[in-house]
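In order, the protein sequence lines correspond to chains A and B.
Using the numbering used here, read the first sequence as starting at 298 and increasing by one per residue.
Using the numbering used here, read the second sequence as starting at 552 and increasing by one per residue.
C-beta atoms are modelled at their ideal positions from N, C-alpha and C, and glycine is treated no differently.
Here the structure is a predicted model, which means the values were calculated and not measured.
Below is one structure, written out as structure tokens; comments come after it.
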Amino acid sequence: MDPILLVLATLDGIAYAALVFLVAVGLTLIFGVMRILNVAHGAFYAIGGYAAASLVLSISDADFSPWLSFPALLVAAMGVGAALGLVIERFLLRHIYAKEEVLQLLVTFAAFMILEDVQRLVWGVQPYSATDPVRLLGTVDVMGIPYNAYQIILLPVIAVMVLLGLRWFLRRTLSGKVITAVTEDRETAIAMGIDARKVFTVTFVIGAVLAALGGALASPTTAIQLGLGAEMIVLSFAVVATAGLGQVEGAALAALLIGLGRSFAVYLVPELDVLVPYMIMVLVLLFRPQGLFAVAEKRRI
Amino acid sequence: MSVTLLEASSLHISFGGVTAADGIDLEVFSGERLAIIGPNGAGKTTFLNICTGYLTPSAGSVRFGGRDITAMAPRAITRMGIARAFQSPQLFHEQCVIDNLLLAAAARERAWNPFRPLRERPEHDEMLALLELFGLADHAASMVNELPEGTRKLVDIAVALALQPQLLLMDEPTSGVSSLEKFRIMDLLVKALAEQGVTSVFVEHDMEMVERYADRVAVWNSGRIQSVGAPDQVLADPSVMRDVIGV
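Written out as structure tokens, the structure is:
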């Protein structure tokens, strides 16, 4: 393989992995704490993307400084994630925590379908893209080939910051430790008087904001259109399953593995690019059914 | 010893044909240490589960400090001032000892802070003092899953006390502790309870413990309270000796 192609494939893979990680880490965090596999997560990603693209476009329509598009991405993600996360947790999930897992899965799937129609109603069927942020950051030369700084610098930096921030939050801060405690043993947490319900709300909102952030950051580089959410949720399931459910650092490595796998496939065997992430997942699960980084669940008596 | 802190009246509950409580009336007085003894499977732990909201009796009620807590959720009961130490310690095994205590203290204070480290909680010194009381200060930074069972049971009791309860329910506090250690540990525990003014109920199989540490003892047999009174009187009763202790 041409060394330049090798480098390009690696950079593509890293940029893609950064986005996938943001979505997958929220999914795995929610699963770890609430034991719910949240299919609606894909919709948070898509709506985050739509909202960010709309906001960035209206900023450029209004002739404001295009640099405002960066905070706009963040504002869109936080707004969408917080609003949708709160509403869905409060009015939907709260009623089904004690129910069977199959029902929980179906309810979040229903929420996904409803939100999919909401996207159709609000944004219609035409694709949205707002490329200001990519244009503003310009390009960097990689072995003589210009490459988007947005994709090879900004996205990975944000992903790493999110990873380090989450690690610090979960391992050091009071709220993070409480979330970790509920993840480890909900019964014990309740016996100690910890408000598990509040922990659920906060965790779900954090997860939703991360998914929306993934969508918002993707909007300058891809056209946001219908079906994007479904594609992303399936891919992040693959990442989460490969890493092991509930694994934050694992999700980062699995996202990188799958991101790189996919981008190398694009350069080497383009017919297989969609398939490769799932092939990686199946291979991993054949040998380690609990995922790469999860310890097999200990039996509690 | 006359103010009633907890009062169970006519509790009934059964599991698949086994009647664990068949009209239980039991009072716990403020400031006392009440032991509950009885054959295995008699329903002693079921009683603790009812008092902490994990089980709802099919009939009867539990009142705590005058309020009916029969159908209340476990967390609400914890907040009212009933804490519990379990037969097999319920702790966060992948966190260190001091963090377990700090989490309990933070829950007690309803604290919530996404930016400040847990270790900087104002209760830190208070929790260290609590560990000190049990001779566990050296283990503050140890991971729970690295500790021997007996030590974990002590940590579990310390966590329960971190909640500053009025009433502490314990399920065989010294089982799994070596017989050399158990008196030392119970002495420490009794001292801690007295210092904090905590009333306690403990389920116990070890009659030596009951004789030495209980103010009163209740005999739970076949879903009923067979007798209740001072340990020297109850344990001297030949029918109790026969039914419960098996001699």
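Review point. Mapping DSSP to helix, strand and coil, what is residue 570/B?
Key: strand
Check your understanding: Got a sec: is the Cβ-Cβ distance from residue 490/A to anything in chain B below 9 Å?
Key -> yes
Practice item. Between the Cα of residue 587/B and those of 788/B, 627/B, 771/B, spot the shortest distance and give me the residue it belongs to. Key: 771/B
Check your understanding: For the putative contact between residue 427/A and residue 354/A, defined by C-beta atoms under 8 Å, what is the C-beta separation to the nearest angstrom?
Key -> 5 Å
Practice item. Go to residue 597/B, then tell me how far its alpha helix (DSSP H) extends in each direction, as first and last residue. Key: 595-602
Check your understanding: Are the C-beta of residue 396/A and some C-beta of chain B separated by less than 9 Å?
Key -> no
**Study point:** Reduced DSSP secondary structure (H/G/I, E/B, other) of residue 750/B
**Key:** strand
Check your understanding: residue 641/B and residue 484/A look like a contact to me (Cβ under 8 Å); what is the Cβ gap, rounded to whole Å?
Key -> 7 Å
Check your understanding: Do we get a CB-CB distance below 9 Å when we pair residue 629/B with the residues of chain D?
Key -> Of the protein chains in this structure, namely A and B, none is chain D.
Review point. Quick one: what does DSSP say residue 564/A is sitting in, helix, strand or coil?
Key: helix
Point to revise | At least three beta-carbon pairs within less than 8 Å, the region 370-383 of chain A to the region 533-550 of chain A | key: no
Practice item. Determine the burial state of residue 421/A: buried for a count of at least 16 other Cβ atoms within 10 Å of its Cβ, exposed for fewer. Key: exposed
Point to revise | Option in 350/A, 379/A, 382/A with minimal Cα separation from residue 369/A | key: 350/A
**Study point:** Proximal residues, the region 643-664 of chain B versus chain A, C-beta separation under 9 Å
**Key:** 643, 644, 645, 646, 650, 651, 653, 654, 655, 657, 658, 659, 661, 662, 663, 664
Check your understanding: Hey, is residue 437/A close to the ligand PLP, as in C-beta under 8 Å from one of its heavy atoms?
Key -> Here there are no bound small molecules, and the ligand PLP is not part of this structure.
Point to revise | Contact set between the region 697-710 of chain B and chain A, restricted to residues whose Cβ is under 8 Å from the partner | key: 710
Review point. If you run the structure through DSSP and keep just helix, strand and coil, what is residue 481/A?
Key: helix
Point to revise | Spatial distance of residue 563/A from residue 698/B (CA atoms) | key: 51 Å
Check your understanding: What is the C-beta distance between residue 509/A and residue 344/A, in whole angstroms, given that I count them as a contact (C-beta under 8 Å)?
Key -> 7 Å
Exercise for review: Mind the definition here: the region 601-615 of chain B touches the region 642-651 of chain B only if three or more C-beta pairs lie below 8 Å; say whether that holds.
Suggested key: no
Check your understanding: So which residues of chain A does residue 666/B contact, with C-beta pairs closer than 7 Å?
Key -> 470
**Study point:** Between the CA atoms of residue 563/B and residue 775/B - distance to the nearest angstrom
**Key:** 10 Å
**Study point:** Coarse secondary structure for residue 764/B, derived from DSSP in three states
**Key:** helix
Check your understanding: Does the beta-carbon distance from residue 387/A to residue 498/A come in below 9 Å?
Key -> yes
Check your understanding: Listing by chain order, which chain A residues have their CB less than 7 Å from the CB of residue 625/B?
Key -> 487, 488
Check your understanding: Using 9 Å as the limit for Cβ to Cβ distance, is residue 546/A near chain B?
Key -> no
Exercise for review: Note down, in chain order, each residue of its chain lying with its Cβ closer than 7 Å to the Cβ of residue 711/B, except the 5 sequence neighbours on either side.
Suggested key: 634, 635, 636, 719
Exercise for review: Compare the C-alpha of residue 626/B against each of 777/B, 590/B, 618/B, 659/B and name the closest.
Suggested key: 659/B
Check your understanding: If you follow the beta strand (DSSP E) that residue 721/B is part of, which residue opens it and which one closes it?
Key -> 718-722
Check your understanding: Going along chain B in order, which residues have a C-beta closer than 8 Å to the C-beta of residue 478/A?
Key -> 643, 646, 654
Check your understanding: Among 661/B, 652/B, 794/B, which has the Cα closest to the Cα of residue 693/B?
Key -> 652/B
Check your understanding: On the three-pair Cβ rule with 8 Å, is the region 701-717 of chain B touching the region 740-750 of chain B?
Key -> yes
Review point. Ends of the beta strand (DSSP E) at residue 614/B?
Key: 610-615
Review point. With a Cβ-Cβ cutoff of 9 Å, do residue 695/B and residue 644/B count as a contact?
Key: yes
Exercise for review: Compute the Euclidean distance between the alpha carbons of residue 765/B and residue 623/B, then round it to the nearest angstrom.
Suggested key: 28 Å
Check your understanding: Okay, do the region 313-332 of chain A and the region 454-470 of chain A touch, 3+ Cβ pairs below 8 Å being the bar?
Key -> yes
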